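**Q** Taken in sequence, the protein lines are chains A and B.
Each residue of the first sequence is one higher than the last, beginning at 1 in the numbering used here.
Each residue of the second sequence is one higher than the last, beginning at 1001 in the numbering used here.
Idealized CB from N, CA, C, for every residue including glycine.
Here the structure is a predicted model, which is why all the values come from computation and not from measurement.
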Amino acid sequence: AQSVAQPEDQVNVAEGNPLTVKCTYSVSGNPYLFWYVQYPNRGLQFLLKYITGDNLVKGSYGFEAEFNKSQTSFHLKKPSALVSDSALYFCAVRDPVISNFGNEKLTFGTGTRLTIIP
Amino acid sequence: DGGITQSPKYLFRKEGQNVTLSCEQNLNHDAMYWYRQDPGQGLRLIYYSQIVNDFQKGDIAEGYSVSREKKESFPLTVTSAQKNPTAFYLCASSPGGRNQPQHFGDGTRLSIL
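1. At least one CB of chain B closer than 7 Å to the CB of residue 113 of chain A: is that the case?
2. Answer with buried or exposed for residue 1002 of chain B, where buried requires no fewer than 16 other C-beta atoms within 10 angstroms of its C-beta.
3. On the DSSP bridge list, what partners appear for residue 1094 of chain B?
4. Are the C-beta of residue 1098 of chain B and some C-beta of chain A separated by less than 7 Å?
5. Relative to the alpha-carbon of residue 1085 of chain B, which residue among B:1055, B:1108, B:1074 and B:1004 has its alpha-carbon at the smallest distance?
6. Run through the segment 24-108 of chain A for me and flag every whole beta strand (DSSP E) of 3 or more residues, listed as ranges in chain order.
7. Quick check: what's the CA-CA separation for residue 1060 of chain B versus residue 49 of chain A?
8. Under a three-way DSSP split, which group does residue 17 of chain A fall into?
9. Tell me which same chain residues have a C-beta within less than 6 Å of the C-beta of residue 62 of chain A, skipping the five on either side of it?
10. Just to confirm my understanding: we take residue 12 of chain A, look at its own chain, exclude 5 residues before and 5 after, and list those with CB closer than 7 Å. What are they?
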């Protein structure tokens, strides 16, 4: 069974400093990995995805993520944090097994609350 | 603008009452999903539908029901059998294909009166 772990419930970073939000995964084959962001009382917004190819993926709002197969990790990073980056971040993995219709469920981590301190 | 519309934004349920949450999308997506979000638990899948007139149970389907009569619409009914319905409910859709992200609505917050 697929699973995702976000080991930190809360991450605090000073404005202007680099940030990292950690994610590790477990799947039976090659994973499809996603990062989403959620602002208060809103839905999730897609940030970036890793499907195949370059291990460093660039996404929206200056975020990037590094896929590391040996460590089964997909950490979200940004070189310089903004106060507006404060939100709840979710990592998600898609089961690589193909279903009858080619769509599979996403399994989400429990989320990491990122707070950027001015 | 294309997107997913969930209504109402806030909903209150009385004891023994069924309530229906609306989800409409104009993205022409084939697949639609319902998730429940509780603090500290992430998102848990309730039901999903990959095509019209077909849907499958997710991880926590007990006490919920859905229909998919139109491609654009995927309403969720929270029945009286769901004993702990207080949560934030999120609807999502995707165009199909394993490499496609899901797009989310802005959610409905359900509370018990």
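**A** So, from the listed chains and residues:
1. no
2. exposed
3. B:1031
4. yes
5. B:1108
6. 24-26, 32-38, 44-50, 56-58, 64-68, 73-78, 87-94 and 106-108
7. 26 Å
8. coil
9. 78
10. 115 and 117
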